[in-house]
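**Student:**
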Amino acid sequence: MMTEQRPGAHMAAEIAQQPDVLAGLVARQAEIAGVAEKISQRPPRFALLAARGSSDHAALYAKYLIEVLLGLPAGLVSPSTATLYGARPDLRDVLFVTVSQSGGSPDLIEVTETARRQGALTVSVTNTPDSPLRAASELGVDIGAGVEQAVAATKTYSATLMALYLLIDAVRGGKAADAEKIGELAQQTLDGATEGVQRAVDRYRFVNRVLTTARGYSYATALEASLKLAETSYLAARAYSGADLLHGPVAAVDDQTAVLALTSAGHGADAMREVIDAVGKRGADVVAVGSASAETPAALRIDVPQTVEELAPILEILPVQRIALGLSLARGGDPDNPRGLLKVTKTR
């Protein structure tokens, strides 16, 4: 006799698997470095990244890594310029990285095939190494997160960040020394966030409007946090760069606004001080997540172990995923089966 799966069981289990998944990826650094060596043999003038959904947030993270660690210009591609409008730019000496957990979205496959024909060195980063996307690209990185059954991406998202970091670090000649203990730090993050996550769920249970915000590397986390809250808890969540928030949207912030601020030690957190001060003066209820949360004026702080700034997004997202899970359940939902969503979304 089959027993009914309790709501959120898949998402909870997959969040808990992340320390092992991340440690497993670091153990495969040499394999990923082999892909990086092939990239280094064809030094690019600049890099382009294509992705959708959660993978798009991972691609934004990679954009920061490429620009800061490699000193190369990098941009996010609009796949529809190729799939709908037939654009065929000259991509000789360009690194073209496509990020897709499933490797099955037709637009990402087509834009990768187009980029390869136009002279780019194409690299797929996917959790499905036998996917059509991997076949379309010249090189591939398997993120190795294992089958993900929950609709909301959790372990595949953090594993994609880790894989992108390992790849880009290896291109610059690194050996992932700063990421050596990422699995242990991820477990510390999950263990240490339990009380803060429950308090955040209690605070946000009845809100309807949430802003997520960050600067620098952590902006990817703000975007992913917004998506997770929207797709699991049906909240009207909106993500802003802290800089963009001050350029107008802050006018809509009031004492009915919940603000989830990502503040991990480094340049990004330093730049967020003015932002936190501005939303605080407008009465917003601020929850700060990150290794610099203790120094952040907030109603609630969820600390994360400190790492080099470029690795912070891998840890920051973990308590946020738990908040999304807890809120969905508290609001009577099932994050494993959000309404209107499928695990793989195919677009063109």
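All residue numbers in the sequence shown are consecutive under my numbering, ending with 376. We put the CB at the ideal spot given by N, CA and C, even for glycine. Note that the structure is predicted; figures quoted are calculated from it, not measured.
1. Determine the DSSP secondary structure at aspartate 170, reduced to helix, strand or coil.
2. Would the beta-carbon of methionine 39 fall within 9 Å of that of alanine 178?
3. What number of angstroms, rounded off, separates the C-alpha of aspartate 298 from the C-alpha of histidine 275?
4. Provide the residue span of the alpha helix (DSSP H) that contains tyrosine 185, from first to last.
5. Short check: CB of glycine 174 to CB of valine 49, under 9 Å?
6. With a CB to CB cut of under 8 Å and the five nearest residues on each side skipped, what residues in its chain are close to threonine 140?
7. Hey, threonine 240 and alanine 289: beta-carbon distance below 9 Å or not?
8. Quick one: measure Cβ to Cβ for isoleucine 351 and valine 225, integer angstroms, because I've assumed they're closer than 8 Å.
9. Could you tell me how far apart the beta carbons of proline 366 and glutamate 259 are, in whole angstroms, since I believe they sit closer than 8 Å?
10. Buried or exposed, going by whether 16 or more other CB atoms sit within 10 Å of the CB of tyrosine 268?
11. Taking DSSP's pairing of strands, which residues face isoleucine 330 in a bridge?
12. On the DSSP bridge assignment, give the partners of tyrosine 268 in chain order.
13. Please classify threonine 285: does DSSP put it in a helix, a strand, or coil?
14. Measure the alpha-carbon distance for alanine 265 versus valine 238 and round it to whole angstroms.
15. Whole angstroms is fine: what's the gap from proline 363's alpha carbon to valine 278's?
16. Spatial neighbours of alanine 322 within its chain, please: CB distance less than 7 Å, with the 5 preceding and 5 following residues excluded, ordered by chain position.
17. Keeping to the same chain, check which residues put their C-beta closer than 7 Å to that of lysine 256; ignore five residues upstream and five downstream.
18. Check the C-beta distance from glycine 103 over to leucine 76 and give it rounded, since I have them as a contact under 8 Å.
19. So what does histidine 103 bridge to, in DSSP terms?
20. In whole angstroms, what separates the C-alpha of leucine 263 from that of asparagine 236?
21. Measuring CB to CB, does tyrosine 193 end up less than 9 Å from alanine 214?
22. Under the assumption that alanine 64 contacts alanine 250 (Cβ atoms under 8 Å), give the Cβ distance between them as a whole number of angstroms.
23. DSSP beta-bridge partners for serine 246?
24. Pull up the distance between the alpha-carbon of glutamine 45 and that of lysine 183, whole angstroms please.
25. Counting only the same chain and skipping the five closest in sequence on each side, list residues whose C-beta sits under 7 Å from that of arginine 34.
26. Please classify proline 72 as buried or exposed, where buried requires at least 16 other C-beta atoms within 10 Å of its C-beta.
27. Give me whichever residues DSSP pairs with threonine 126 in a beta bridge.
28. Would methionine 29 be called buried (16 or more neighbouring beta carbons within 10 Å of its own) or exposed?
29. Please state the DSSP three-state secondary structure of leucine 339.
30. Using CA coordinates, which residue listed in Arg70, Ser83, Asp219 is at the minimum distance from serine 130?
31. Express the C-alpha separation of leucine 339 and proline 101 in angstroms, rounding to a whole number.
32. Assuming valine 54 and glycine 211 are in contact, meaning their beta carbons sit under 8 Å apart, how far apart are those beta carbons, in whole angstroms?
**Tutor:** The short version:
1. strand
2. yes
3. 18 Å
4. 183-199
5. yes
6. Ala78, Phe124, Thr126, Thr150, Ser152, Leu161, Ala164, Ser165
7. yes
8. 5 Å
9. 5 Å
10. buried
11. Val317
12. Thr241
13. coil
14. 5 Å
15. 30 Å
16. Arg329, Asp331
17. Ala180, Val348, Gln349, Ala352
18. 6 Å
19. Just to set this straight, residue 103 is glycine in the shown sequence, not histidine. Note: glycine 103 sits in a beta bridge opposite Leu76.
20. 6 Å
21. no
22. Wrong, their Cβ atoms sit about 28 Å apart, outside the cutoff.
23. The partner list for serine 246 (beta bridge, DSSP) is empty, contrary to what the question assumes.
24. 7 Å
25. none
26. buried
27. Ala78, Ser152
28. Legend: pLDDT at methionine 29 = 40, less than 50; position of this residue unreliable, value from coordinates given subsequently. Methionine 29 is exposed by the Cβ-count criterion.
29. helix
30. Ser83
31. 20 Å
32. 7 Å
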